[in-house]
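Visitor: Input: one structure, supplied below.
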DNA sequence: TCATTTTGCTTAGCCTGTTGAAATATCTTC
DNA sequence: GAAGATATTTCAACAGGCTAAGCAAAATGA
């Protein structure tokens with residue numbers, strides 16, 4: 001087995017771990033990974049418009065509407081008409097939504113961040129360099145204005 | 001922005017490239033990424049049982065039944081009752097299915113493999129080491145006998 | 001000013017993937 | 001051969017995704 005195979009296998013493990021994380025999250029947080037991702041994005045600043053979220057996640061507005069519908073039904077977020085531009089809807093997170101995502105298990109990220117930060121400086125540097133190299137190899141010529149979608153998002157650090 | 005963030009962002013790019021690849025594949029090969037993954041598994045040996053495929057992909061038998069239904073409708077695979085154990089169904093790939101996956105575009109892997117193999121020895125070694133390190137960080141204590149699922153599977157090399 | 005275009009969002013209808021529960025058919029075993 | 005285990009399928013229900021169409025509110029421009 002050559003290095004190419006080994007590297008592909010490692011990539012596969014990374015993808016799979018992410019997928020499994022998404023499923024676990026779905027069960028433990030009482031919502032699906034996609035819904036959780038929407039919550040995370042809204043929680044970053046406390047509010048966001050459907051279009052903005054849709055763009056970041058790489059889905060259409062229509063899809064976002066139905067996702068928000070479900071989160072509203074769960075009392076996790078609220079819709080509020082914008083004052084400035086009354087075409088816009090502002091989706092804000094509710095107190096319940098906030099505690100839910102704060103308390104949500106985030107095993108993948110926690111695990112990764114903790115271990116990453118425990119590494120020595122040179123090793124961190126090496127990993128960052130390698131990951132960026134791989135990312136560049138994979139998403140090259142795909143840099144268009146397309147959205148920042150990611151499956152079960154590994155999330156923002158810290 | 002510290003190194004942890006940078007590394008998470010790179011990971012996110014990797015995941016996203018994989019996701020986008022799955023979507024492109026779906027359009028160009030005339031089937032979805034999930035269906036394609038089923039085809040790949042069957043093609044490994046030319047045949048497989050629904051349960052075996054379901055296990056490898058981490059879905060239930062019921063799901064596999066409906067996936068196979070669709071592939072049968074597309075004339076990509078066939079169901080054949082096993083002779084030995086007539087409870088079992090053997091899913092075999094058709095000639096059409098075989099040519100379809102042989103000719104399927106595999107831009108992600110091609111791109112990756114080509115670039116990887118063009119790298120210098122020391123760089124390949126560095127990337128393999130880094131990817132394995134990251135994979136270990138992510139899928140630690142998750143090594144159980146669970147299935148070999150991966151989204152839009154990066155695929156087997158060569 | 002006001003008609004036209006653009007923008008932001010929702011509705012409606014349709015697909016795929018997924019599951020759990022129940023039904024069917026076929027071994028296996030005592 | 002009856003009871004239990006195993007392999008699949010069927011069915012009903014949902015989540016997520018899309019497109020097309022519609023509506024309401026800005027923005028534009030003649």
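Protein chains in written order, with full-length UniProt numbering: chain A, 1 to 158; chain B, 1 to 158. Beta carbons: idealized from backbone N, C-alpha and C, even for Gly.
1) Closest to residue 134/B by CA distance: which of 6/B, 3/B and 11/B is it?
2) Tell me, please, which residues DSSP counts as bridged to residue 87/A.
3) So, at 6 Å on beta carbons, what are the nonlocal neighbours of residue 132/A in its own chain, with the 5 sequence-adjacent residues on each side left out?
4) Does the distance from the C-beta atom of residue 128/B to that of residue 66/A stay below 8 Å?
5) Under 7 Å Cβ to Cβ from residue 148/B, same chain only, skipping five residues before and after it: list those, please.
6) To the nearest whole angstrom, what separates the beta carbons of residue 89/A and residue 82/A, a pair I think is in contact under 8 Å?
7) Please check if any C-beta of chain B sits within less than 8 Å of the C-beta of residue 57/A.
8) Which residues mark the beginning and the end of the alpha helix (DSSP H) in which residue 70/A is found?
9) With the cut-off set at 8 Å, would you say residue 40/B and residue 50/B are in Cβ contact?
10) Residues in the segment 62 to 91 of chain B with C-beta within 8 Å of chain A's C-beta atoms, listed in sequence order?
11) In terms of DSSP beta bridges, what is residue 48/A paired with?
12) Between residue 133/B and chain A, is any beta-carbon pair separated by less than 8 Å?
13) Under a Cβ-count criterion, where at least 16 other Cβ atoms within 10 Å of its own Cβ denotes burial, should residue 152/A be classed as buried or exposed?
14) Residues of chain A with CB closer than 8 Å to the CB of residue 10/B, please, in chain order.
15) From residue 42/A to residue 63/B, what distance separates their C-alpha atoms?
16) Give the single residue among 137/A, 68/A and 13/A whose Cα lies nearest to the Cα of residue 38/A.
17) Please identify, using Cβ separations under 8 Å, the residues of the segment 114 to 127 of chain B that lie next to chain A, in order along the chain.
18) Take residue 48/B and list the residues in its own chain whose beta-carbon comes closer than 7 Å to its own, dropping the five residues that flank it on each side.
19) Could you tell me which residues DSSP puts in a beta bridge with residue 77/A?
20) For residue 94/B, which of 124/B, 32/B, 17/B and 76/B has the nearest alpha-carbon?
21) Looking at chain A, is there any beta carbon in it that lies within less than 8 Å of the beta carbon of residue 15/B?
22) How many angstroms separate the CA atom of residue 130/B from the CA atom of residue 126/A?
23) Does any C-beta atom of chain A lie closer than 8 Å to the C-beta of residue 51/B?
24) Would the beta-carbon of residue 70/B fall within 8 Å of that of residue 120/B?
25) Find the residues of chain A that neighbour residue 6/B, judging by a C-beta separation of less than 7 Å, and give them in chain order.
Guide: Let me lay it out:
1) Stepping through the second chain from its first residue, residue 134/B is reached at position 134. Comparing C-alpha distances from residue 134/B to each of 6/B, 3/B and 11/B shows the shortest one belongs to 11/B.
2) Here residue 87/A is taken as the residue at index 87 of the first chain, counted from 1. Checking the DSSP bridge columns, you'll see residue 87/A has no partner listed.
3) As a first step, residue 132/A is located in the first chain; it is residue number 132 there, counting from the start. Counting only Cβ-Cβ distances below 6 Å, and skipping sequence neighbours, we find nothing.
4) Against the second chain, residue 128/B aligns to sequence position 128. Against the first chain, residue 66/A aligns to sequence position 66. No, they are not a contact pair.
5) Translated into positions along the second chain, residue 148/B becomes position 148. Residue placement at residue 148/B cannot be trusted, given a pLDDT of 30 that sits under 50; the coordinates are not used to answer.
6) Translated into the one-based positions of the first chain, residue 89/A becomes position 89. Translated into the one-based positions of the first chain, residue 82/A becomes position 82. Sure, about 7 Å apart at Cβ, within 8 Å.
7) For this step, residue 57/A is matched to residue 57 along the first chain. Not closer than 8 Å to any Cβ of chain B, the Cβ of residue 57/A fails to qualify, so no.
8) For the purposes of this step, residue 70/A is taken as the residue at position 70 of the first chain. Note, residue 70/A: alpha helix (DSSP H), 61 to 73.
9) On the second chain, residue 40/B is found 40 positions in, with the first residue counted as 1. On the second chain, residue 50/B is found 50 positions in, with the first residue counted as 1. Taking 8 Å as the Cβ cut-off, residue 40/B and residue 50/B do not qualify as a contacting pair.
10) Of all residues in the segment 62 to 91 of chain B, none comes within less than 8 Å of chain A when Cβ atoms are compared.
11) Taking the first chain and counting its residues from 1, one reaches residue 48/A at position 48. The partner list for residue 48/A (beta bridge, DSSP) reads 91/A.
12) The residue labelled residue 133/B in the question sits at position 133 within the second chain. With respect to chain A, the C-beta atom of residue 133/B has a partner C-beta closer than 8 Å.
13) Within the first chain, residue 152/A is the residue found at index 152, counting from 1. Any reading at residue 152/A must be qualified, since the residue scores a pLDDT of 34, below 50, and its modelled position is unreliable; the value itself is stated next. The residue in question, residue 152/A, is buried, as its Cβ has 16 or more Cβ neighbours within 10 Å.
14) Position 10 of the second chain, counting from 1, holds the residue named residue 10/B. Contacts between residue 10/B and chain A, judged by CB atoms closer than 8 Å, involve 128, 131, 132, 134 and 135 in chain order.
15) Numbered from its first residue, the first chain carries residue 42/A at position 42. Numbered from its first residue, the second chain carries residue 63/B at position 63. Spanning the two alpha carbons is a distance of roughly 33 Å.
16) Along the first chain, one-based indexing puts residue 38/A at 38. Taking only the C-alpha atoms, the option nearest residue 38/A is 68/A.
17) Of all residues in the segment 114 to 127 of chain B, 115, 116, 117, 123, 124, 125, 126 and 127 have a Cβ within less than 8 Å of some Cβ in chain A.
18) Taking the first residue of the second chain as 1, we reach residue 48/B at position 48. Once the five neighbours on either side are set aside, the close Cβ partners of residue 48/B are 41, 42 and 91.
19) To locate residue 77/A, count along the first chain from 1; it is residue 77. Residue pairing of residue 77/A in beta bridges, as defined by DSSP: 93/A.
20) Within the second chain, the letter at position 94 stands for residue 94/B. The residue among 124/B, 32/B, 17/B and 76/B with its C-alpha nearest the C-alpha of residue 94/B is 76/B.
21) Indexing the second chain from 1 puts residue 15/B at position 15. Judged by the 8 Å Cβ criterion, residue 15/B is in contact with chain A.
22) For the purposes of this step, residue 130/B is taken as the residue at position 130 of the second chain. For the purposes of this step, residue 126/A is taken as the residue at position 126 of the first chain. So the two alpha carbons sit approximately 7 Å from each other.
23) Position 51 of the second chain, counted from the start, is the residue given in the question as residue 51/B. Not flagged as an interface residue toward chain A: residue 51/B, since no C-beta distance is shorter than 8 Å.
24) If you number the second chain from 1, residue 70/B lands on position 70. If you number the second chain from 1, residue 120/B lands on position 120. For the pair residue 70/B and residue 120/B, the CB atoms are not nearer than the 8 Å cut-off.
25) The count along the second chain starts at 1 and reaches residue 6/B at position 6. Near residue 6/B (Cβ distances below 7 Å), the residues of chain A are 128.
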